[in-house]
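Q:
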Amino acid sequence: MAERILTRRRLLTAGGLSIGGFALSGCDRLSQDRSVRGGLSRAEGLTFAVQRALIGRHALAREYSLSDVSPRFPANGTLMPDTDEYQRLLERKFVDWRLTIDGLVSRPLSLSLVELMKLPSRTQITRHDCVEGWSAIGQWTGVQLGPLLTAARLAPGARYLVFHCADNLGGEAYKGGDQSMGRYYESIDLIDAFHPQTILAFRLNGAPLDVAHGAPLRLRVERQLGYKHAKYVMRIEAVRSFGHIAGGKGGYWEDRGYEWYAGI
Amino acid sequence: MPTEQQPEPATRQSAPAASPGEATESANGSQPTKPMTAPLSDGDAVAAQSPVADRAHEAAANGAAVSQPAKTPREILYRHRLATRVTHWINALCVAILVMSGLQIFNAHPRLYWGEVGAYGDPAAFEIGAYDGEDGLRGVVRIGALEFDTTGVFGVSNGAYGRAAVQAFPSWATIPSYRDLATGRRWHLYFAWLFVINMCVYFAFSIANGHFRRDLLPAHGELRPRHVLGEIVAHARLRFAKGEPAKRYNLLQKISYLAIIFIVLPAMILTGLSMSPGFNAAAPWLSDLLGGRQSARTLHFVAASLVVLFVVIHLAMVLLAGPWNGVRSMVTGRYVVPPERKHG
Chain A
1 MAERILTRRR LLTAGGLSIG GFALSGCDRL SQDRSVRGGL SRAEGLTFAV
51 QRALIGRHAL AREYSLSDVS PRFPANGTLM PDTDEYQRLL ERKFVDWRLT
101 IDGLVSRPLS LSLVELMKLP SRTQITRHDC VEGWSAIGQW TGVQLGPLLT
151 AARLAPGARY LVFHCADNLG GEAYKGGDQS MGRYYESIDL IDAFHPQTIL
201 AFRLNGAPLD VAHGAPLRLR VERQLGYKHA KYVMRIEAVR SFGHIAGGKG
251 GYWEDRGYEW YAGI
Chain B
1 MPTEQQPEPA TRQSAPAASP GEATESANGS QPTKPMTAPL SDGDAVAAQS
51 PVADRAHEAA ANGAAVSQPA KTPREILYRH RLATRVTHWI NALCVAILVM
101 SGLQIFNAHP RLYWGEVGAY GDPAAFEIGA YDGEDGLRGV VRIGALEFDT
151 TGVFGVSNGA YGRAAVQAFP SWATIPSYRD LATGRRWHLY FAWLFVINMC
201 VYFAFSIANG HFRRDLLPAH GELRPRHVLG EIVAHARLRF AKGEPAKRYN
251 LLQKISYLAI IFIVLPAMIL TGLSMSPGFN AAAPWLSDLL GGRQSARTLH
301 FVAASLVVLF VVIHLAMVLL AGPWNGVRSM VTGRYVVPPE RKHG
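Going down the list, the protein sequences come from chains A and B. Going left to right, the first sequence walks through residues 1 to 264 as my numbering numbers them. Going left to right, the second sequence walks through residues 1 to 344 as my numbering numbers them.
The following block contains the structure:
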């Protein structure tokens, strides 16, 4: 009997020690294990399903008053796209810039900044939540994405909108993880695309969008975290799936481990 | 005094069975004054069916238990139900991973604010920072106007690659140990779900089986000032209950368990949800109630600190009160009731 209990004790001790060992050294190994990462990622699907069921298609993110606007709205990620193409556009104050809407649409669009600004616009004062943890409130003015997509006539197979941007991002290695250089892109589904607060913004706090905040045009997807709000948008592509684009996860940060659904 | 020694089962004073006469005494005549164990409450009657008790009966019936010299009898209580044990350990795993991955997430922006918004450039209520001093990198913690040099632990510490690194919380406290917000979030959000589901299971079982009412709710007389004071004094002197009172949680235990179960852990979930822009669109009132999104983030950190404080005290008490007995009772359910002291 004594032996049996000692065995049990040994078992518990071994169990305790292995849990401690796991905590100290194993987590890094687990963090890099493909199947563990896959398992952990399953939480995203649950979060997505539950939030979509809970929030409702048209629930609005809170809108604030002018007095709530943050005096300094931080800029993150790329602050000045360094491609020659962008530099040329910037030199001529984006008069040569055009937004392309193509892919699975039956009437592709190509719009200049002036043409976009002539369309009915929406102004919203919203809170921007960065995945890092900070928040700021800004006033955004832009064109709702939904009517543009209606005008471009989405094909029946289209499920996502991919935003191709002008900036290469990378070199933020101090933030850890695989943050190799790559062209910024993002993607959203049709529910977010047709949400009334999803706009292509060209003004921030009453002034034309500055370069650091995404000039000439950036996406606002108000019910998701900041990295979904693609800056320097050049082209919007309607696709059935984004698996063939870049890393296949639907965005620059998504390809580097972040959630595609950034509602939390 | 029996501590962790394991006597032969037949000489062990097992929990009373359905017919007490058969259960209490072994054939060993050398301990005529062996005390009867107190009858257990209804919820604990399960002990009578425990394998240990059964073996004791068998051995007694066979008269095969005379070989060992007598040891002081032990009373074994079936203290923790299966649902409590399973949810306890799942919760322990979740809390460990949530705290460590939470610190990874905190490190991405090691400043806390009060109100709806806050970012670099705004005044922070709490901040872990670093600066280049004359003698190298220095880490600092700022709480309001107070500033503490915390080089080596907070702000600047040995990084995952062995060099001094600028990181709010040190590598040993974060998951992963190296800086990786994306992976920290994956761990955090996965175990947040497991934590919430486990909490729901725990609440369902604890309401259904009376655990809350019977074990955690302070009994009528327990809240009298005299009793409360006595408990505090006993705790301060590290005197732990023996015999009959040791079968129940003491008052301070009940209060801290109730606080962590009904206030702090639910607060973790609510303050966590209030940081979600998706959830904010569904229920903006919750973040309002907490004082804004950045206040919710600050409260999430404060509540997490309380969880860590609870865990530290909880582990200290387990160590002081008898770690083997305590841990085993949370694994197998069986708790050896510490016998009354013979002298004062």
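All C-beta atoms in this analysis are idealised placements derived from N, C-alpha and C, irrespective of residue type, glycine included.
(1) Which chain B residues are close to Asp-28(A), counting only those with a beta carbon under 9 Å from its beta carbon?
(2) In its own chain, which residues sit with a C-beta less than 7 Å from the C-beta of Asn-250(B), not counting the 5 before and 5 after it?
(3) Measure the C-alpha to C-alpha separation of Arg-142(B) and Gln-294(B) and round it to an integer number of angstroms.
(4) Return the bridge partner residues of Cys-165(A) from the DSSP annotation.
(5) How many angstroms separate the CA atom of Arg-88(A) from the CA atom of Gly-133(A)?
(6) Starting from the Cα of Ser-256(B), find the closest Cα among Leu-112(B), Val-302(B), Arg-226(B) and Phe-310(B) and give me that residue.
(7) Could you pull out every residue in the same chain whose Cβ sits closer than 7 Å to the Cβ of Ala-192(B), ignoring the five residues on either side in sequence?
(8) Which chain B residues sit within Cβ distance under 7 Å of Thr-47(A)?
(9) By the 10 Å Cβ neighbour count, where 16 or more other Cβ atoms means buried, how is Ile-55(A) classified, buried or exposed?
(10) Using a Cβ cut-off of 8 Å (strictly closer), state whether Leu-54(A) contacts chain B.
(11) Counting pairs of beta carbons, one from the segment 104-117 of chain A and one from the segment 82-93 of chain B, are three or more of them closer than 8 Å?
(12) Start and end of the beta strand (DSSP E) containing Val-131(A)?
(13) Closer than 8 Å, Cβ to any Cβ of chain A: which residues of the segment 274-295 of chain B, in chain order?
(14) Could you please tell me which residues of the segment 116-133 of chain B, in chain order, have their CB closer than 9 Å to any CB of chain A?
(15) Distance cutoff 8 Å, beta carbons only. Does Gln-224(A) sit that close to anything in chain B?
(16) Note the first and the last residue of the continuous beta strand (DSSP E) segment covering Glu-186(A).
(17) Could you say which of Thr-141(A), Met-181(A) and Ala-152(A) lies nearest to Gly-247(A) if we only look at CA atoms?
(18) For chain B, check one thing: does any of its Cβ atoms lie closer than 8 Å to the Cβ of Gln-51(A)?
(19) Hey, how far is the Cα of Ala-53(A) from the Cα of Ala-59(A)?
(20) What are the start and end residues of the beta strand (DSSP E) that includes Phe-126(B)?
(21) For the segment 125-159 of chain A, enumerate the residues whose C-beta is nearer than 8 Å to any C-beta of chain B, in chain order.
(22) Contact between the segment 156-176 of chain B and the segment 75-84 of chain B: three or more CB pairs below 8 Å?
(23) Please report the distance separating the alpha-carbon of Val-140(B) from that of Ser-171(B).
(24) Given that Pro-74(A) touches chain B, what residues does it touch there, using C-beta distances under 8 Å?
(25) Which whole-angstrom value is the C-beta distance of Ile-175(B) and Met-100(B), which I expect to be below 8 Å?
(26) Determine, using beta carbons only, whether Ile-264(A) comes closer than 8 Å to chain B.
(27) Specify, as a first and last residue, the run of the alpha helix (DSSP H) that Ala-208(B) falls within.
(28) Under 8 Å, Cβ to Cβ, is there at least one residue of chain B near Leu-79(A)?
(29) Expressed to the nearest angstrom, what Euclidean distance is found between the alpha-carbon atoms of Glu-222(B) and Leu-229(B)?
(30) Below 8 Å on the Cβ atoms is my contact criterion, and I expect Ile-216(A) with Ala-152(A) to pass it. Report the Cβ-Cβ distance as a whole number of Å.
(31) Leaving out the 5 sequence neighbours to the left and right, which residues in its chain are closer than 6 Å to Arg-127(A) when beta-carbon positions are compared?
(32) Quick check: Phe-169(B) and Leu-103(B), are their CB atoms within less than 8 Å of each other?
(33) Please decide whether Thr-183(B) counts as near chain A, where near means a Cβ-Cβ distance under 8 Å.
(34) In its own chain, which residues sit with a C-beta less than 6 Å from the C-beta of Ala-368(B), not counting the 5 before and 5 after it?
(35) Starting from Glu-231(B), trace the beta strand (DSSP E) both ways and give me its first and last residue.
(36) What are the start and end residues of each continuous beta strand (DSSP E) run of 3 or more residues lying completely inside the segment 74-116 of chain A, in chain order?
A: Walking through what the data contain:
(1) On the first sequence, position 28 is the one that residue 28(A) refers to. The answer, in chain order, is Ala-160, Ile-175, Pro-176, Ser-177 and Tyr-178.
(2) Taking the second sequence and counting its residues from 1, one reaches residue 250(B) at position 250. Excluding positions up to five away in sequence, the list reads Glu-231 and Ala-241.
(3) Translated into the one-based positions of the second sequence, residue 142(B) becomes position 142. Translated into the one-based positions of the second sequence, residue 294(B) becomes position 294. Roughly 17 Å between the two C-alpha positions.
(4) Within the first sequence, the letter at position 165 stands for residue 165(A). DSSP output for Cys-165(A) lists Val-233(A) as bridge partner(s).
(5) Start at 1 with the first residue of the first sequence, and residue 88(A) comes out as number 88. Start at 1 with the first residue of the first sequence, and residue 133(A) comes out as number 133. Distance between the alpha carbons of Arg-88(A) and Gly-133(A) is about 34 Å.
(6) The residue you call residue 256(B) lines up with position 256 of the second sequence. Ser-256(B) has its Cα closest to that of Phe-310(B), out of Leu-112(B), Val-302(B), Arg-226(B) and Phe-310(B).
(7) On the second sequence, position 192 is the one that residue 192(B) refers to. Spatial neighbours of Ala-192(B) in its own chain (CB-CB distance under 7 Å, excluding positions within 5 residues in sequence) are listed in chain order as Leu-98 and Gly-272.
(8) Locating residue 47(A) in the first sequence gives position 47, where the first residue counts as 1. Those within 7 Å of Thr-47(A) in chain B are Leu-189.
(9) To locate residue 55(A), count along the first sequence from 1; it is residue 55. Per the 10 Å Cβ criterion, buried.
(10) Here residue 54(A) refers to the residue found at position 54 when the first sequence is read from its first residue. Yes, its Cβ sits closer than 8 Å to a Cβ of chain B.
(11) Segment contact: the segment 104-117 of chain A against the segment 82-93 of chain B, fewer than three CB-CB distances shorter than 8 Å; contact not assigned.
(12) On the first sequence, position 131 is the one that residue 131(A) refers to. Val-131(A) -> no beta strand (DSSP E), and no H or E assigned at all.
(13) Met-275, Ser-276, Pro-277, Gly-278, Phe-279, Asn-280, Ala-281, Ala-282, Pro-284, Arg-293 and Gln-294
(14) Glu-116, Val-117, Gly-118, Ala-119, Tyr-120, Gly-121 and Asp-122
(15) For the purposes of this step, residue 224(A) is identified with residue 224 of the first sequence, where counting begins at 1. Answer yes: the Cβ-Cβ gap between Gln-224(A) and chain B drops below 8 Å somewhere.
(16) For the purposes of this step, residue 186(A) is taken as residue 186 along the first sequence, with counting starting at 1. Residues 182-189.
(17) On the first sequence, residue 247(A) is found 247 positions in, with the first residue counted as 1. Nearest option by C-alpha distance: Met-181(A).
(18) Taking the first residue of the first sequence as position 1, residue 51(A) is located at position 51. Taking Cβ atoms only, chain B reaches closer than 8 Å to Gln-51(A), which makes this a yes.
(19) Residue mapping note: residue 53(A) aligns to position 53 of the first sequence, counting from 1. Residue mapping note: residue 59(A) aligns to position 59 of the first sequence, counting from 1. Our two residues, Ala-53(A) and Ala-59(A), have alpha carbons roughly 11 Å apart in a direct line.
(20) Here residue 126(B) corresponds to residue number 126 of the second sequence, with the count starting at 1. Per DSSP, the unbroken beta strand (DSSP E) holding Phe-126(B) starts and ends at 126-133.
(21) From the segment 125-159 of chain A, only Arg-127, Asp-129, Cys-130, Val-131, Glu-132, Gly-133, Trp-134, Ser-135, Ala-136 and Ile-137 have a Cβ closer than 8 Å to chain B.
(22) no
(23) Here residue 140(B) refers to the residue found at position 140 when the second sequence is read from its first residue. Here residue 171(B) refers to the residue found at position 171 when the second sequence is read from its first residue. So the alpha carbons of these two residues sit roughly 16 Å apart.
(24) In the first sequence, counting from the first residue as 1, residue 74(A) sits at position 74. Per Cβ cutoff of 8 Å: Ala-119, Tyr-120 and Gly-121.
(25) Reading the second sequence from its first residue, position 175 is the one you call residue 175(B). Reading the second sequence from its first residue, position 100 is the one you call residue 100(B). About 4 Å; that satisfies the 8 Å criterion.
(26) Translated into the one-based positions of the first sequence, residue 264(A) becomes position 264. Taking Cβ atoms only, chain B reaches closer than 8 Å to Ile-264(A), which makes this a yes.
(27) Counting from one through the second sequence, the residue named residue 208(B) turns up at place 208. From DSSP, the alpha helix (DSSP H) with Ala-208(B) extends over 181-208.
(28) For this step, residue 79(A) is matched to residue 79 along the first sequence. So no, Leu-79(A) is outside the interface.
(29) Counting from 1 along the second sequence, the entry for residue 222(B) is found at position 222. Counting from 1 along the second sequence, the entry for residue 229(B) is found at position 229. Cα-Cα distance, rounded: 10 Å.
(30) Looking up residue 216(A) in the first sequence gives position 216. Looking up residue 152(A) in the first sequence gives position 152. Residue identity check: residue 216(A) is Pro in the sequence provided, not Ile. That belief does not hold up - the Cβ atoms of Pro-216(A) and Ala-152(A) are roughly 19 Å apart, past 8 Å.
(31) Reading the first sequence from its first residue, position 127 is the one you call residue 127(A). Excluding residues within five positions, the ones whose Cβ falls inside 6 Å are Ser-135 and Ile-137.
(32) What you label residue 169(B) is simply residue 169 of the second sequence in a count that begins at 1. What you label residue 103(B) is simply residue 103 of the second sequence in a count that begins at 1. Contact flag set, yes.
(33) Counted from its first residue, the second sequence places residue 183(B) at position 183. So yes, Thr-183(B) belongs to the interface.
(34) No answer is possible for residue 368(B): it lies beyond the span of chain B, which begins at 1 and ends at 344.
(35) Looking up residue 231(B) in the second sequence gives position 231. No beta strand (DSSP E) holds Glu-231(B); the alpha helix (DSSP H) holding it covers 225-236.
(36) 98-103 and 109-112
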